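Quick notes on the structure that follows.
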Amino acid sequence: MTDYSPLLEAVPKIRHGFGNKAALLPGHLLPYRATLPEKKQVHGTRIVDVLQPAQPCGEADGFFTRQPGILLSVLTADCLPVLFSRRDGSAIAAVHAGWRGLLDGILEQMAAHISREDATANWVASIGPAAGPCCYEVNEELVENFKRQLPLPAALISPRYRHLDLAAIAEYKLDALGFSAVDRAGSCTICTPDTDPQRPQRFKYTSYRRNSHRRERDPSHPGITGRNQYAGIIIAAE
């Protein structure tokens, strides 16, 4: 089942969804696939204005448009997908935010991009499925980097020893940046089971971390290249 954001569902004129292993791109967004911007996500902070369908964007991890009929998306497999919309549905954006992007300020870059002509108070944001604090174990040096560089409560950054809570960090940042409302759609990409008895896969989401652990145990286990899930948002054409 596709994940949806209650906040984005309430916005007029837009369609959105967060993919999973059963539907990498939510089915209702498939008709717009040809409009997807061409891009290479690099865990950076570059934001691109998308002005036409299938626009070449180069290396970028954030996308913004006011144009109806252009599907914006980011691909993830444990990183955070964050979808944005103006409350009236007249503009949308999408961001790929892994731990590097959160540290380097991609959410701040998107807020600055919006603030050139608008106020973030007119916007809402939804954080999609990503590695959760239950499973996202990292080295202590990275946890300390977050605590040193970000003025956030230490227990919010790392609620368990050597674990990061990416979604909580992002939500805190988005609130501080003045977005009018923020919600979370989906759950942990590493451990959330697939509860549909009609599907053979054990887990709901694609996960790079889970896949790499499996490949350590079994080198013949396939990688996930080309199987990342999409988070997508579009202003429906008039």
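Mapping the sequence shown onto UniProt numbering, position 156 (from 1) lands on 156, and the numbers just tick up by one. Glycine included, every Cβ here is placed at the ideal spot set by N, Cα and C. From a predicted model like this one, the values you see are computed outputs, not experimental measurements.
In this structure, what does DSSP give as the bridge partners for residue i?
i: residue 126; result: 83, 183
i: residue 230; result: 75
i: residue 155; result: According to DSSP, which records beta bridges pairwise, residue 155 is partnered with nothing at all.
i: residue 65; result: 92
i: residue 3; result: 18
i: residue 48; result: 63
i: residue 203; result: 193
i: residue 278; result: Since the first residue of the chain shown is 1 and the last is 238, residue 278 is not available in this structure.
i: residue 56; result: 38
Considering only their Cβ atoms, is the gap separating residue j from residue i smaller than 8 angstroms?
i: residue 241; j: residue 122; result: One cannot answer for residue 241 here, as it falls past the ends of the chain, which runs 1 to 238.
i: residue 43; j: residue 116; result: no
i: residue 230; j: residue 77; result: no
i: residue 234; j: residue 15; result: yes
i: residue 232; j: residue 17; result: yes
i: residue 172; j: residue 142; result: no
i: residue 71; j: residue 46; result: no
Whole-angstrom Cβ separation of residue i and residue j, contact assumed at under 8 angstroms?
i: residue 35; j: residue 23; result: So it is not a contact: roughly 18 angstroms between Cβ atoms.
i: residue 107; j: residue 170; result: 6 angstroms
i: residue 128; j: residue 80; result: 7 angstroms
Legend entry - Length-filtered (4 minimum) alpha helix (DSSP H) runs lying within the region 96–143: 99–104, 106–115
Inset, instruction - Flag this pair as touching only if the region 190–199 and the region 43–52 have three or more C-beta atom pairs under 8 angstroms; answer yes or no. - result: no
Legend entry - Cβ pair count under 8 angstroms reaching 3, the region 182–195 against the region 3–11: Touching, per the Cβ criterion.
Inset, instruction - Would you be able to state if there are at least three C-beta pairs under 8 angstroms between the region 123–138 and the region 158–169? - result: Three or more pairs of CB atoms, one per stretch, sit closer than 8 angstroms, so the region 158–169 contacts the region 123–138.
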